[in-house]
Amino acid sequence: MIVATDLRKRFKKVVAVDGVSFEAKAGEIFGLLGPNGAGKTTTLRMIASSLTPDTGMAVIAGHDVAKAPDEVRRRIGVVTASIGVYGRLTARENLRYFARLYGLSGDDIEKRIQELIEYFEMKEYADRRAEPFSTGMKQKLAIARAIVHDPPVIIFDEPTSGLDVLASRIVVEFMRRARSEGKCVLLSTHHLWEAEKLCDRAAIIHEGRVKALATVQEIKEGTKCPDLEEAFLKLVNVNSSAADKKWPTTVRRRE
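And the structure:
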């Protein structure tokens, strides 16, 4: 569902992404893992067609991001840490507005909105203005808004940053449900303990480069570490040649 090939992006003198490649499949949660500033969000923006790569390419559900950005946008939903729902609109009105942006019309809109309201258990406040909603209520609405067009690919960029335990749980449960429904879920996070619980496979990124690309279990076994956080710390402190030898991936890093 997602094929990223040798993506590179430079901002003035800073190389934010330096040859990132990976594939994410339907029915899995794929993690893009690393600390703040590793290049994760820049990579996601190139995949989502909001940022043009200097070189490399990305294909989403069979559509080249550079050649068919509109087709890509129809097939992705994006959830970020910035919830940003329209407070003066009701939950239902928020969903209706975004459904129209995605080209839904007529009875299709109202049917889809009602499905999402029931799916996320929002009946009690569906027709109330969103401004006074709790963080958890807003996060449910933000996710519903992102998938109102029922995309096969859902991208989460640090979705639990700043959320309390209950609100974070809403996001986690949805990701698992989306995976079980055959969606491709791409999760970018620096919370490695969270990724360890959720991700089937992952790419660990540091300073814009892929340090490891494997299942979570393979990453832990390859580094002989008991958890993903320790594995990450070990990977970012080894020299580049050792990292390349230890991790056979689709990426061959260029110095």
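All residue numbers for the sequence shown refer to our numbering, where the first residue is 33 and numbers rise by one. For every residue, glycine included, the Cβ atom is placed at its ideal position computed from N, Cα and C.
Which residues does DSSP pair with residue i in a beta bridge?
i: residue 9; result: Because the chain here runs from 33 to 287, residue 9 falls outside it and cannot be looked at.
i: residue 233; result: 62 and 247
i: residue 90; result: 36
i: residue 50; result: 40
i: residue 220; result: 64 and 189
i: residue 241; result: 238
i: residue 96; result: 91
i: residue 120; result: Looking at the DSSP assignment, residue 120 forms no beta bridge with any residue, so it has no partner.
Around the Cβ of residue i, are there at least 16 other Cβ atoms within 10 angstroms (buried) or fewer (exposed)?
i: residue 191; result: buried
i: residue 280; result: For residue 280, the pLDDT reaches just 40, beneath the cut-off of 50, and the residue's location in the model is therefore unreliable, although a value from the coordinates is still provided. Exposed: under 16 other Cβ atoms inside 10 Å.
i: residue 40; result: buried
i: residue 19; result: Given that the chain is displayed from residue 33 to residue 287, the structure contains no residue 19 and the question cannot be resolved.
i: residue 120; result: exposed
Check the C-beta distance from residue i over to residue j and give it rounded, since I have them as a contact under 8 Å.
i: residue 185; j: residue 33; result: 5 Å
i: residue 58; j: residue 215; result: 7 Å
i: residue 232; j: residue 247; result: 7 Å
i: residue 113; j: residue 168; result: Between residue 168 and residue 113 the Cβ distance is about 14 Å, and since that is not below 8 Å, they are no contact.
i: residue 124; j: residue 92; result: Their Cβ separation, rounded to whole angstroms, is 29 Å, which puts residue 124 and residue 92 out of contact at 8 Å.
i: residue 222; j: residue 66; result: 6 Å
Start and end of the alpha helix (DSSP H) containing residue i?
i: residue 204; result: 197-212
i: residue 309; result: Since the first and last residues shown for the chain are 33 and 287, residue 309 lies out of range.
i: residue 265; result: 260-267
i: residue 143; result: 138-151
i: residue 127; result: 123-133
i: residue 77; result: 72-79
i: residue 177; result: 167-178
Excluding the 5 residues flanking residue i on each side, which residues of the same chain have their C-beta closer than 7 Å to its C-beta?
i: residue 73; result: 189 and 220
i: residue 284; result: With a pLDDT of 36 at residue 284, under the threshold of 50, the predicted position of this residue should be treated as unreliable, though the coordinate-derived value follows. Same-chain partners within the cutoff: there are none.
i: residue 159; result: 122 and 124
i: residue 50; result: 40, 240 and 241
i: residue 153; result: none
Using a Cβ-Cβ cutoff of less than 8 Å, which residues in the same chain neighbour residue i once the five nearest sequence positions on both sides are dropped?
i: residue 84; result: 78 and 98
i: residue 95; result: 103, 104 and 107
Starting from the C-beta of residue i, find all residues in its chain whose C-beta is less than 6 Å away, skip the five residues before and the five after it, and write them out in chain order.
i: residue 287; result: Caution is warranted here: a pLDDT of 33 is assigned to residue 287, below 50, making its placement in the model unreliable, and no coordinate value can be reported.
i: residue 63; result: 219, 227, 231 and 234
i: residue 206; result: 175
i: residue 282; result: With a pLDDT of 39 at residue 282, under the threshold of 50, the modelled position of this residue cannot be trusted; read the value that follows with caution. The answer, listed in chain order, is 53.
i: residue 183; result: 107, 108 and 109
First and last residue of the beta strand (DSSP E) that includes residue i?
i: residue 186; result: 185-189
Could you tell me whether any Cβ in chain E is nearer than 8 Å to the Cβ of residue i?
i: residue 260; result: This model lacks chain E altogether, as it is built from one protein chain only.
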